[in-house]
Every structure is written in C-alpha cells, then in structure tokens.
Amino acid sequence: MFMTPGNDFGTYRDAHGNAIEADLSFWATGTTPNTLWLRLAGHGDWLNAAGQVQVDRRLRVQGRADVFAIGDVNDATEQKITPTALAQADLAAYNIRLRLRNSGKHRKEPRLYRPTQRTPVIVPFGSADGLTVLPVPGGDSAVLGARTTVLAKAKT
1 MFMTPGNDFG
11 TYRDAHGNAI
21 EADLSFWATG
31 TTPNTLWLRL
41 AGHGDWLNAA
51 GQVQVDRRLR
61 VQGRADVFAI
71 GDVNDATEQK
81 ITPTALAQAD
91 LAAYNIRLRL
101 RNSGKHRKEP
111 RLYRPTQRTP
121 VIVPFGSADG
131 LTVLPVPGGD
141 SAVLGARTTV
151 LAKAKT
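Per our numbering: the sequence shown = residues 1 to 156.
What follows is the structure in structure tokens.
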C-alpha cells in the first residue's frame with residue numbers, strides 16, 4: 001500500500017484510491033528528525049540520543065503497540081531516502097490494518113520490517129541531467145549518468 005496525501009491534511013489515499021482518514025498526523029520530513037514536539041508533549045522517552053523515535057522491528061514506537069513511526073523520524077538503521085520511507089509506510093499501513101481488523105485468540109502477527117542495506121540513490125539535476133549510484137554485488141557501486149537518471153526519475 002502506497003499512501004499519498006489527499007486534499008486535506010490527515011486524509012490519505014492508498015494505491016487503489018481509497019481515502020483513509022488519520023486521527024492525527026504530523027508531517028516530519030527532512031534530514032534532521034522533527035521530534036521537538038514529542039519532547040514538548042512529554043514523550044522525550046520515545047527518542048534516542050540523536051532525537052530519532054525508537055521503534056521495534058514492526059516500526060512501532062518502543063513499548064507502544066498502537067503508535068508507529070516511519071521515515072526519517074525513526075531509528076531504523078538504513079539510508080533515509082524515499083524508497084526506504086515508502087517501504088516503511090507500506091509495512092506500517094499493513095500492520096495498522098491488521099491491528100484494526102483482527103481480534104480474538106487467532107490474531108495474525110504483524111510483519112517485521114527488514115531494513116534495506118543497499119539501495120540505488122538517484123539524484124536528478126533538472127529534467128535533462130543527473131547522477132545514479134547503483135549498488136552492485138561485492139559491495140561496490142556503479143555510477144550512472146544523465147541518461148539513466150532522466151529515464152528513472154526526471155519525469156517527476
């Protein structure tokens with residue numbers, strides 16, 4: 001499930017276009033975790049020394065079964081780039097739906113998140129230039145130029 005913002009903040013749409021209403025959501029993008037509001041709200045114990053929200057393998061805030069943190073704001077050990085945020089959003093959405101729909105003694109277990117260790121980094125420089133760093137087996141990386149980058153990303 002890929003979530004995209006809807007017309008109103010707190011309204012999201014899944015990959016099928018279905019509207020999903022959030023009771024509460026905070027836009028927390030960027031390279032520095034935007035978590036001051038958590039400290040001010042008395043939840044500083046949710047954060048690590050770097051100011052990131054500590055999450056378990058299911059992307060739930062440590063010690064909270066009903067609070068999830070995804071993307072740059074959490075302490076999952078991986079690159080903080082769009083593909084990883086999308087993978088985290090997909091898993092968190094699945095686990096939230098599972099929690100809301102399942103009850104009783106035959107509850108399904110939520111899925112575990114497996115951090116991506118090596119992922120391509122695609123950086124467009126406008127609509128006609130850019131650079132792509134692609135991981136290859138053995139721990140090395142291949143650097144690809146404008147043509148590949150434009151084909152992969154410049155449309156958006």
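Where is the CB? At the ideal position from N, CA and C, for every residue including glycine.
Return yes when the Cβ of residue j is within less than 8 Å of the Cβ of residue i, no when it is not.
i   : j   : result
V61 : D75 : no
L59 : L91 : yes
Using DSSP's beta-bridge definition, name the partner residues of residue i.
i    : result
N74  : V53
R60  : F68
L47  : V53
G126 : In the DSSP output, where bridge partners are listed per residue, G126 has none listed.
L144 : T132
V121 : V133
To the nearest angstrom, report how far apart residue i and residue j are at their CA atoms.
i    : j    : result
P115 : Y12  : 24 Å
A19  : G10  : 10 Å
D45  : L151 : 44 Å
K80  : V121 : 11 Å
R57  : G71  : 14 Å
G139 : S25  : 38 Å
G17  : D23  : 19 Å
N164 : I96  : Residue 164 lies beyond the stretch modelled for the chain, which goes from 1 to 156, so this question has no answer here.
K153 : Q88  : 21 Å
G51  : H43  : 11 Å
Please check the pair residue i and residue j, which I expect to be a contact at CB under 8 Å, by giving their CB distance rounded to whole angstroms.
i    : j    : result
V123 : L131 : 5 Å
T119 : T84  : 7 Å
Counting only beta-carbon separations shorter than 8 Å, does residue i have a partner in chain C?
i    : result
D140 : No chain C is part of this structure, which consists of one protein chain only.
Beta-carbon within less than 8 Å of residue i's beta-carbon, same chain only, minus the 5 sequence neighbours each way: which residues are those?
i    : result
R99  : A65, D66, P110
V53  : P33, T35, L38, W46, L47, V61, A69, V73, N74, D75
D129 : A146, T149, V150
Within a Cβ cutoff of 6 Å, which residues of the same chain sit near residue i, ignoring the five residues on either side of it in sequence?
i    : result
P143 : Per the sequence shown, residue 143 should be read as Val rather than Pro. Answer for V143: V133, listed in chain order.
P157 : In the structure as shown, the chain starts at 1 and stops at 156, and residue 157 therefore has no counterpart that could be examined.
N7   : Since pLDDT at N7 reaches only 48, below the 50 mark, its modelled position is unreliable, and no value is offered.
So, at 7 Å on beta carbons, what are the nonlocal neighbours of residue i in its own chain, with the 5 sequence-adjacent residues on each side left out?
i    : result
M1   : Note that M1 has pLDDT 37, beneath the 50 cutoff, so the model's placement of it is unreliable and the number below is only indicative. Taken in chain order, the residues that qualify are D14, A15, D90, A93, Y94.
A107 : For the sequence presented, residue 107 should be read as Arg rather than Ala. There are no such residues.
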